[in-house]
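One structure is given here, and the rest of the page talks about it.
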Amino acid sequence: MEAATKPKLRVATTSLAGCFGCHMSFLDIDERLFDLVKLVEFDRSPLTDIKHCGPCDIGIIEGGLCNAENVHVLREFRANCKTLIAIGACAVNGGLPAQRNHLSLASILEEVYHAQHGLVDGFIPNDPELPLPLDKVHPIHEVVKVDYFIPGCPPSGDAIWKVLTDLLAGREPELGHGLIHYD
Amino acid sequence: MSFALETAAHPENLRRVAIDPVSRVEGHGKVTILLDDKNKVHQVRLHIVEFRGFEKFIQGRPYWEVPVMVQRLCGICPVSHHLAASKALDAIVGAHHLTPTAEKMRRLMHYGQILQSHALHFFHLCSPDLLFGFDSDVSKRNIVGIAEKHP
Ligand code: SF4
């Protein structure tokens with residue numbers, strides 16, 4: 093008989109203003125995913141079809157905040173996850189999308205949708221279904237408390253694996269040489 | 033602003049169903065459906081909810097940075113963006129003829145990406161719906177359920 097198995101930890105992941113590169117890197121743990129799912133269960137994640145994050149042990153956030161919906165999703169994750177991890181440059185400090193912060197949002201929208209060379213009858217989308225863009229792109233720790241940060245654009249699958257396995261084993265996660273990088 | 037695509041004459045009287053986020057595409061999206069009392073669909077729209085402004089903020093950067101910057105448009109198809117920017121740079125620096133090696137390299141990179149992206153889309157995103165059915169239990173309808181049931 094199998095020994096009584098510990099209840100699986102629940103893990104939720106999402107991409108806010110990110111490019112899914114960090115999620116791809118997470119999937120670079122390849123077949124170790126199957127070792128992982130012996131210990132965890134996925135809640136909301138691009139891998140499942142669950143739309144809202146329920147109570148979870150670990151929440152993983154890729155991407156910073158570039159619109160109002162990102163902020164709602166982030167707050168929902170924080171409210172539900174015991175441990176929240178920011179993965180990738182975008183979540184940690186805004187990343188590449190934050191390059192727009194030195195420009196005015198109006199001028200960017202104007203150029204992209206209206207004035208850009210080759211556009212005919214362009215106009216700035218204002219459909220009520222679209223989330224409102226934020227004036228500036230923010231890293232997630234400016235809005236909620238973040239427990240751990242994994243830098244990199246993207247961090248390697250090994251780095252993500254190390255942090256997750258440390259957490260699952262009850263150790264304080266540590267990346268150390270070779271796994272920590274910022275590009 | 034209304035579009036030809038807004039096919040519902042009186043959207044205010046219809047029931048709205050939103051699929052948000054759409055989890056079976058590579059990227060961020062949302063679908064809204066408007067139905068009447070008899071569940072007849074009057075309008076379906078796909079919304080691209082992400083706006084980041086790359087078009088503007090890459091301007092003024094050193095030109096050799098751009099192929100690497102635009103990779104961050106999409107972590108699933110970075111190679112396409114990289115190669116598109118490389119082509120633009122070819123035009124800027126007057127490289128009208130690629131060397132055979134460069135051409136082969138680019139093709140190889142692109143084939144690699146197409147393979148990876150299709151594998152992701154088919155196995156991770158679609159296979160659960162196809163193998164378990166669209167109405168099956170949402171907690172099993174994912175890659176983990178597939179690995180258990182159809183290893
Ligand atoms: S940190 Fe890099 S890889 Fe991750 S979401 Fe941002 S741009 Fe993509």
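So the protein sequences, as listed, match chains X and D.
Quick note, the first sequence lines up with residues 93 to 275 if you use our numbering.
Quick note, the second sequence lines up with residues 33 to 183 if you use our numbering.
From the three backbone atoms N, C-alpha and C, an ideal C-beta is built for every residue, glycine too.
Same chain, Cβ closer than 7 Å to residue i, neighbours up to 5 away in sequence not counted
| i | result |
| --- | --- |
| V54(D) | G61, K62 and V63 |
| M33(D) | Note that M33(D) scores a pLDDT of 47, beneath 50, so its modelled location is shaky; the value from the coordinates is reported in the next line. Here the set comprises nothing. |
| S117(X) | P246, P247, S248, G249 and I252 |
Residues near residue i in its chain [Cβ-Cβ closer than 6 Å; skip 5 each side]
| i | result |
| --- | --- |
| T131(D) | none |
| R102(X) | E133, D135, C148 and D149 |
| V98(D) | I90 and A117 |
| M101(D) | I90 |
Cβ neighbours of residue i in the same chain (closer than 8 Å, five flanking residues each side left out)
| i | result |
| --- | --- |
| F1(D) | The structure shown does not extend to residue 1(D), since chain D spans only 33 to 183, so no value can be given for it. |
| Y274(X) | A181, P243, G244 and C245 |
| E87(D) | none |
| I216(X) | L201, E202, Y205 and H206 |
| A40(D) | L46, L66, H74 and Q75 |
| L283(X) | There is simply no residue 283(X) to check, as chain X begins at 93 and stops at 275 in what is shown. |
| D122(D) | H128 and L130 |
| A50(D) | K62, V63, T64 and I65 |
| L152(D) | E58 and I108 |
Buried versus exposed, by CB contacts within 10 Å (16 or more), residue i
| i | result |
| --- | --- |
| H144(X) | exposed |
| M137(D) | exposed |
| N205(D) | An answer regarding residue 205(D) cannot be provided, because it is not within the stretch 33 to 183 covered by chain D. |
| A134(D) | exposed |
| N62(X) | Outside the shown range of chain X (93 to 275) lies residue 62(X), about which nothing can therefore be said. |
| N162(X) | buried |
| C128(D) | The sequence shown places His at residue 128(D), not Cys. Classification of H128(D): exposed, given that the 10 Å Cβ count is below 16. |
| I124(D) | exposed |
| F154(D) | exposed |
| K53(X) | Past the boundaries of the shown model lies residue 53(X); chain X is included only from 93 to 275, so the question cannot be answered. |
Pair within 7 Å by beta-carbon distance, residue i and residue j
| i | j | result |
| --- | --- | --- |
| V57(D) | I65(D) | no |
| V111(D) | Q145(D) | yes |
| V235(X) | A178(X) | no |
| I108(D) | S149(D) | yes |
| P225(X) | F83(D) | yes |
| L176(X) | G151(X) | yes |
| R104(D) | C111(X) | yes |
| P223(X) | V81(D) | yes |
| P265(X) | L271(X) | no |
Interface residues of the stretch 109 to 125 of chain X facing chain D [CB-CB below 9 Å]: Under the 9 Å Cβ criterion, the stretch 109 to 125 of chain X contributes A109, G110, C111, F112, G113, C114, H115, M116, S117, L119 and L125.
Using 8 Å as the Cβ pair cut-off and three pairs as the minimum, do the stretch 137 to 146 of chain X and the stretch 206 to 224 of chain X touch? no
Segment contact flag, the stretch 225 to 242 of chain X with the stretch 157 to 168 of chain X, C-beta cutoff 8 Å, min 3 pairs: yes
Can we say the stretch 190 to 197 of chain X touches the stretch 81 to 99 of chain D, given the rule of at least three CB pairs closer than 8 Å? yes
Residues from the stretch 83 to 99 of chain D in contact with chain X, defined by Cβ distance under 7 Å: Answer set for the stretch 83 to 99 of chain D: F83, R84, G85, E87, K88 and F89.
Using Cβ-Cβ distances below 8 Å, what residues of the stretch 154 to 170 of chain X are close to chain D? C158, N159 and E161
Listed from N- to C-terminal order along the chain, which residues in the stretch 108 to 136 of chain D have their beta-carbon within a distance smaller than 8 Å of any beta-carbon of chain X? I108 and P110
Listed in chain order, which residues of the stretch 249 to 260 of chain X have Cβ atoms closer than 9 Å to some Cβ of chain D? Taking a C-beta cut-off of 9 Å against chain D, none of the residues of the stretch 249 to 260 of chain X qualify.
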